[in-house]
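Numbering (numbering that gives the first Met the number 0), first residue to last: 0 to 208.
Cβ atoms here follow ideal geometry from the backbone N, Cα and C, with glycine treated the same way.
None of the values given here were measured: they were computed from a predicted structure.
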Amino acid sequence: MLEELFNLVKNSAGDAVVNNPDVPNAQNNEVIAEATNTVASGLRNMVAGGGLQNILSLFGGNNNNGQQSSQSLLSNPIVNMMIGHFASKLMTKFNLGGNQANSVASSLIPNVLSNLISNTNDPNNSTFSIEKILHSITGGQSTQVAEQQQAAGNSGFNFQDLIGQFTGGGTSGGGGLMDIVSQLAGGAQNQQQQNGGGGLMDLIKGFVK
């Protein structure tokens with residue numbers, strides 16, 4: 000899933016990075032890799048902190064059939080957290096000035112997330128799904144959760160249903176939902192520990208061609 004995310008970031012980076020004179024061409028791929036790391040780590044850290052509901056609400060999209068414009072995403076605290084983190088990296092690792100870094104981050108990160116949400120909610124796009132995203136950032140824990148739910152008789156369980164429960168106000172099986180949040184948080188925390196010290200970024204750099 001990381002490689003698909005990297006390619007999505009690369010395809011979204013035209014004006015913000017590739018055609019931006021403030022970003023040297025020699026650094027384009029490194030900046031794209033850092034943006035990929037920001038999005039992947041941001042989603043993983045949110046799940047690790049018990050914020051699955053916030054992630055599902057982000058992907059649920061309360062309008063436009065699960066699509067959100069990059070402009071509307073600027074008001075989302077998760078997105079703003081990622082923008083701030085990415086801007087900081089642009090200043091410290093790539094020596095961009097504050098205004099330039101904030102401009103690049105405020106343009107690229109919402110655009111990437113808008114495209115990610117759109118692709119994830121597109122029934123004709125098998126490359127992206129909320130299941131695949133959660134599988135990637137929880138080290139496969141989401142797959143175990145789904146299997147446990149099905150073994151318990153919830154044969155139609157999938158994470159798209161959880162989006163409906165969280166974003167539509169449904170609370171059926173509240174205790175079960177909290178168990179799922181806890182299990183996925185544990186998986187994401189394990190991923191944090193295993194990929195600490197730049198491990199996630201090392202994986203992403205392997206996609207740079």
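| query | result |
| --- | --- |
| Backbone CA spacing between S71 and G138 [nearest angstrom] | 30 angstroms |
| Status (buried if at least 16 other CB within 10 Å, exposed otherwise) for K210 | Because the chain in this structure spans residues 0 to 208, residue 210 falls outside the shown range and cannot be described. |
| Simplified DSSP state of P109, which is helix, strand or coil | helix |
| Residue interval of the alpha helix (DSSP H) (run including G51) | Residue identity check: residue 51 is Leu in the sequence provided, not Gly. Residues 51-59. |
| Own chain residues within Cβ distance below 6 angstroms of T35, not counting five before or after | L4, F5, V8, I203 |
| Nearest candidate by alpha-carbon position, reference V38, set F85, G96, Q190, M177 | F85 |
| Residue nearest to D21 in terms of C-alpha spacing, selected from I132, S68, S40, N101 | N101 |
| Cβ separation of M0 and K131, assumed to be a contact under 8 angstroms, to the nearest whole Å | 5 angstroms |
| Residue closest to L42, alpha-carbon to alpha-carbon, out of V111, L95, G97 | V111 |
| Extent of the continuous alpha helix (DSSP H) to which Q192 belongs | 173-193 |
| For N123, the first and last residue of its enclosing alpha helix (DSSP H) | N123 -> no alpha helix (DSSP H), and no H or E assigned at all. |
| Test item: CB-CB of A187 and I116 under 7 angstroms | no |
| Alpha-carbon to alpha-carbon, A184 and T126 | 24 angstroms |
| Identity of the residue in K208, S106, I179 nearest S68 by Cα | S106 |
| Best match in N24, I31, V16, G13 for proximity to F206 [C-alpha to C-alpha] | I31 |
| Secondary structure of T91, DSSP reduced to three states | helix |
| Residues of its chain near I82, where Cβ-Cβ distance is below 7 angstroms and the 5 sequence neighbours each way are ignored | A104, S105, I108 |
| Rounded straight-line distance, which links the Cα of I129 to that of F158 | 7 angstroms |
| Burial state of M177, where buried means 16 or more other Cβ atoms lie within 10 Å | exposed |
| Of the residues N44, N28, A15, the one placed nearest Q192, counting alpha carbons only | N44 |
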